[in-house]
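*Asks:*
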Amino acid sequence: MKILGVDPGTRKTGVGLIETQGSGYQLVYSGIIQNPANRPIAERLQTIYRALSDIIDQLKPDILALEDIFYGKDFRAMVRIGEARACAMLAASGKSVPVVEYAPAQVKQAVSGNGQASKLQVQQMIKTLLHLKTLPQSDSSDALAVAICHGHRSRFGRLQEAGIQTYGKKTIFSVKKNKKGWDLVSLSQRQAR
Numbered sequence: 000m001k002i003l004g005v006d007p008g009t010r011k012t013g014v015g016l017i018e019t020q021g022s023g024y025q026l027v028y029s030g031i032i033q034n035p036a037n038r039p040i041a042e043r044l045q046t047i048y049r050a051l052s053d054i055i056d057q058l059k060p061d062i063l064a065l066e067d068i069f070y071g072k073d074f075r076a077m078v079r080i081g082e083a084r085a086c087a088m089l090a091a092s093g094k095s096v097p098v099v100e101y102a103p104a105q106v107k108q109a110v111s112g113n114g115q116a117s118k119l120q121v122q123q124m125i126k127t128l129l130h131l132k133t134l135p136q137s138d139s140s141d142a143l144a145v146a147i148c149h150g151h152r153s154r155f156g157r158l159q160e161a162g163i164q165t166y167g168k169k170t171i172f173s174v175k176k177n178k179k180g181w182d183l184v185s186l187s188q189r190q191a192r
């Protein structure tokens with residue numbers, strides 16, 4: 000599966016495409032769509048939309064994973080990020096590429112095991128997970144983290160559907176669907192049956 004991650008911003012939009020390979024990931028592309036701060040917002044949004052449309056045309060992702068808005072004190076910044084997110088959604092939907100969204104804490108948790116991880120910690124984990132020689136730039140690292148988050152979550156969902164949860168190469172528990180949701184069945188219970 001080819002997953003295009005996007006970290007939206009009107010000055011810098013991080014972009015990263017990974018492909019799932021076995022239990023790992025292969026880096027296909029990473030970059031940053033840059034806009035000068037003095038460029039009118041309409042032109043910046045058009046640049047983001049066109050660049051993402053071109054990237055989708057060239058790289059043919061199966062899905063676009065997008066970081067959700069971080070709710071902070073700067074309302075204006077949140078609006079601008081929302082505008083950049085809309086450009087990504089439009090570019091993807093125009094090419095019939097499905098879009099999934101993840102909160103920043105979900106992304107950090109999926110990549111580093113800590114929902115409050117620093118940008119440097121996320122960069123270091125991206126370097127490790129993708130076997131890179133150097134730390135990726137912050138914005139492209141965030142985009143790759145969103146893509147990896149979706150990769151992890153989609154794998155977990157497939158395992159959950161199959162009724163198996165793994166840790167490394169060992170099965171640690173399984174789940175069984177019931178009328179209300181999922182039941183956890185430990186290995187000892189399964190072996191006793």
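Following numbering that gives the first Met the number 0, the numbering of the sequence shown begins with 0 at its first residue and continues without gaps. Yeah, the Cβ is synthetic: ideal placement off N, Cα and C, and Gly gets one too. Keep in mind that this is a model prediction, so the values were computed, not measured.
Go ahead and pull the three-state DSSP assignment for residue 68.
*Replies:* The count along the sequence shown starts at 1 and reaches residue 68 at position 69. Of the three classes helix, strand and coil, the one that applies to residue 68 here is coil, per DSSP.
*Asks:* According to DSSP, is residue 193 helix, strand or coil?
*Replies:* The question about residue 193 has no answer here: the residues shown for the chain are numbered 0 through 192.
*Asks:* Can you tell me whether residue 118 is buried or exposed? The criterion is at least 16 other CB atoms within 10 Å of its CB, across all chains shown.
*Replies:* Reading the sequence shown from its first residue, position 119 is the one you call residue 118. Per the 10 Å Cβ criterion, exposed.
*Asks:* Between which two residues does the beta strand (DSSP E) harbouring residue 8 extend?
*Replies:* Here residue 8 is taken as the residue at index 9 of the sequence shown, counted from 1. It is not in any beta strand (DSSP E) - residue 8 carries neither H nor E in the DSSP assignment.
*Asks:* So, under 8 Å CB-CB, residue 128 and residue 147 are touching, yes? Tell me the CB distance rounded to an integer number of Å.
*Replies:* Residue numbering aside, residue 128 sits at position 129 when the sequence shown is read from its first letter. Residue numbering aside, residue 147 sits at position 148 when the sequence shown is read from its first letter. 6 Å between Cβ atoms; contact.
*Asks:* Can residue 62 and residue 149 be called in contact, C-beta distance under 8 Å?
*Replies:* To locate residue 62, count along the sequence shown from 1; it is residue 63. To locate residue 149, count along the sequence shown from 1; it is residue 150. Yes, the Cβ-Cβ distance between residue 62 and residue 149 is below 8 Å.
*Asks:* Just confirm the distance between the C-beta atoms of residue 143 and residue 60, as a whole number of angstroms; I'd bet it's less than 8 Å.
*Replies:* Here residue 143 is taken as the residue at index 144 of the sequence shown, counted from 1. Here residue 60 is taken as the residue at index 61 of the sequence shown, counted from 1. About 13 Å separates the Cβ atoms of residue 143 and residue 60, ruling out a contact at the 8 Å cut-off.
*Asks:* For the alpha helix (DSSP H) that contains residue 128, what are its first and last residues?
*Replies:* Reading the sequence shown from its first residue, position 129 is the one you call residue 128. Residues 118-128.
*Asks:* Report the rounded CA-to-CA distance for residue 134 versus residue 21, giving the unit in angstroms.
*Replies:* In the sequence shown, the residue the question calls residue 134 occupies position 135. In the sequence shown, the residue the question calls residue 21 occupies position 22. Residue 134 and residue 21 have their alpha carbons spaced roughly 23 Å apart.
*Asks:* Would you tell me roughly how many angstroms separate the C-alpha atoms of residue 16 and residue 111, rounded to the nearest one?
*Replies:* Within the sequence shown, residue 16 is the residue found at index 17, counting from 1. Within the sequence shown, residue 111 is the residue found at index 112, counting from 1. Going by the C-alpha atoms only, they are around 19 Å apart.
*Asks:* Considering only the alpha carbon of each residue, which of 96, 14, 113 lies closest to residue 104?
*Replies:* If you number the sequence shown from 1, residue 104 lands on position 105. Residue 104 has its Cα closest to that of 113, out of 96, 14, 113.
*Asks:* Per DSSP, what kind of secondary structure is residue 134 in: helix, strand or coil?
*Replies:* For this step, residue 134 is matched to residue 135 along the sequence shown. Coil, per DSSP.
*Asks:* Tell me the rounded alpha-carbon separation between residue 25 and residue 18.
*Replies:* By 1-based counting over the sequence shown, the position of residue 25 is 26. By 1-based counting over the sequence shown, the position of residue 18 is 19. Using only the alpha carbons, I get a separation of about 5 Å.
*Asks:* On the DSSP bridge list, what partners appear for residue 4?
*Replies:* Walking along the sequence shown from the start, residue 4 turns up at place 5. DSSP output for residue 4 lists 15, 64 as bridge partner(s).
*Asks:* On the three-state DSSP scale, how would you describe residue 140?
*Replies:* Taking the sequence shown and counting its residues from 1, one reaches residue 140 at position 141. Note: residue 140 maps to helix in three-state DSSP.
*Asks:* Cutting at 8 Å between CB atoms, please list the residues of its own chain near residue 8, excluding the five before and the five after it.
*Replies:* For the purposes of this step, residue 8 is taken as the residue at position 9 of the sequence shown. So the list reads 79, 80, 83, 138, once near-sequence residues are dropped.
*Asks:* Once DSSP output is grouped into helix, strand and coil, what is the label at residue 45?
*Replies:* If you number the sequence shown from 1, residue 45 lands on position 46. Three-state DSSP puts residue 45 in a helix.
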